[in-house]
Each structure stands twice: as C-alpha cells, then as structure tokens.
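Residue numbers (my numbering), protein chains in the order written: chain A, 2 to 114; chain F, 4 to 116.
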C-alpha cells in the first residue's frame, strides 16, 4: 500500500538557518503530495501541495518539488524564524482513495533565537 | 478558516466506558474523516464518510464506530474505551476536489484511565 517516510526529529535550528525535511513516498498511482504544519495545541493546516511531477509548491517561504524519479517531496526554507517551530507532516493522496491522506510520522522543528 | 468544531476538546474517562466525539462542519463538504494522532505514527485514518449514512473503515477502525445522519455532523464512538485508545482525535473535511486537500479541526484529546 501507499506509504510516506519522513526524517525523524526533533530538528533544532538557530534562527535564519536553512531548513530541509526529507520526505519520500511509495505509491502505486500518481498521488498528490502535501506538507501540513501543526503548531502547538492546534490542528493541522495545509502548508503547500503539488499535484503532478515537477510541480513546485510554495507558501510562507517554504518550498517543495514533486520528484517522481526519486519519489521525493522534500520541504525547504531558506531562513527559518522562531515562529516556524512546529511539527511538519508529509502526506500523499491517491485519487482512487476518496481523498484519504496517508501521513508520515511527522518531524518536529525547533527554532531557537 | 474552515468551519469545523470538535467536541469535547478534552475528556478523561475510565476503561470500559462508552465515549462519543462529535465533529460539526458548516462548510457543507461531502467528505468527513476521523484520524487519530499518536507519537511516532503521524495521523492514522479511523473511519471516513462520503455522504449521509455512507461510511467506511480506515486503517485503524477496530474498537470504533461512526455515524453520519446529517451532512454537518460526524460522530465517532468508542463503545468500550481502552487505554490504547488514549490519543488525540482529529476530524477533517474535504469537498472531494481532485487535489485531495483536507481541512482539520482543532482536535479532541482523550485520556482513558
């Protein structure tokens, strides 16, 4: 079945550092790929998405490119802020699965001043 | 923000007691989902609904039942709660668009003693 693997955390960074969170997936079809973010005490909210190969999703300075050849969707941000401290989830949705999402385990990011 | 309300937000109960969590949406979305979030597992799908009175099982459905008698309400019931069901439960909704994007509620934290 479909699955998502993302790097374990926590990832601790200083403010203005470069952030990369690796995400790879296994899917039989051509899934849509997502990054969701969860701030402390809140539900998940969509950060960015890509629906086909070579698409780049971007939002709030974060970017991720759908790489079909490496089955990857790595999240990057060039200069993190303390407010980026959160848990980040990579997820995929197969169009045959009624929009159900398969999530990775989540990566906690801690940004220190 | 998507209009999704979960209740109760926090509940402590004892093993063997029944528990019902409610999800209410004001978006008139067709699809509704219940996920549970546990450390190291990300989010896992319990049950989902693709319309009034139309529901199906997800990845971790044992010990849970659901009902959807109205478009706006999706109930998750633990018939006899166990300690392994201690978790944070998230409701999500989708309009079924081809990107598979979900909108999440703020979560219900359940502790089973």
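Where is the CB? At the ideal position from N, CA and C, for every residue including glycine.
In this text the structure is predicted, and so the values were computed from the model without any measurement.
Tell me, please, whether the CB atom of residue 74/A is closer than 7 Å to any CB atom in chain F? Taking the first residue of the first chain as 1, we reach residue 74/A at position 73. Judged by the 7 Å Cβ criterion, residue 74/A is not in contact with chain F.
CA-CA distance, residue 37/F and residue 25/A? Working through the second chain from its first residue, we reach residue 37/F at position 34. Working through the first chain from its first residue, we reach residue 25/A at position 24. Going by the C-alpha atoms only, they are around 24 Å apart.
Of all the CB atoms in chain A, is at least one closer than 7 Å to the CB of residue 107/F? Locating residue 107/F in the second chain gives position 104, counting from the first residue. Answer yes: the Cβ-Cβ gap between residue 107/F and chain A drops below 7 Å somewhere.
What in chain F is Cβ-close to residue 107/A, meaning under 7 Å? In the first chain, the residue the question calls residue 107/A occupies position 106. Counting only Cβ-Cβ distances below 7 Å, residue 107/A has contacts in chain F at 45, in chain order.
Can you list, in chain order, the residues of its chain whose CB lies under 8 Å from that of residue 63/F, leaving out five sequence neighbours each side? Within the second chain, the letter at position 60 stands for residue 63/F. Result list for residue 63/F: 39, 47, 48, 49, in chain order.
Which residues in chain F have a C-beta closer than 9 Å to the C-beta of residue 64/A? List them in chain order. Numbered from its first residue, the first chain carries residue 64/A at position 63. Simply none; closest approach about 18 Å.
Taking 7 Å as the limit between beta carbons, can you name the residues of its chain near residue 27/F, skipping five residues before and five after? To locate residue 27/F, count along the second chain from 1; it is residue 24. Correct list, in chain order: 8, 75, 76.
To which residues of the same chain is residue 102/A closer than 6 Å at the C-beta, ignoring the five residues directly before and after it? For this step, residue 102/A is matched to residue 101 along the first chain. Once the five neighbours on either side are set aside, the close Cβ partners of residue 102/A are 92, 94.
Beta strand (DSSP E) runs wholly inside the stretch 72–111 of chain F, at least 3 long, in chain order: 76–81, 90–97
At 3 residues or longer, and completely inside the stretch 24–97 of chain A: list those beta strand (DSSP E) runs for me, N to C. 24–27, 33–39, 45–51, 57–60, 63–66, 76–78, 87–94
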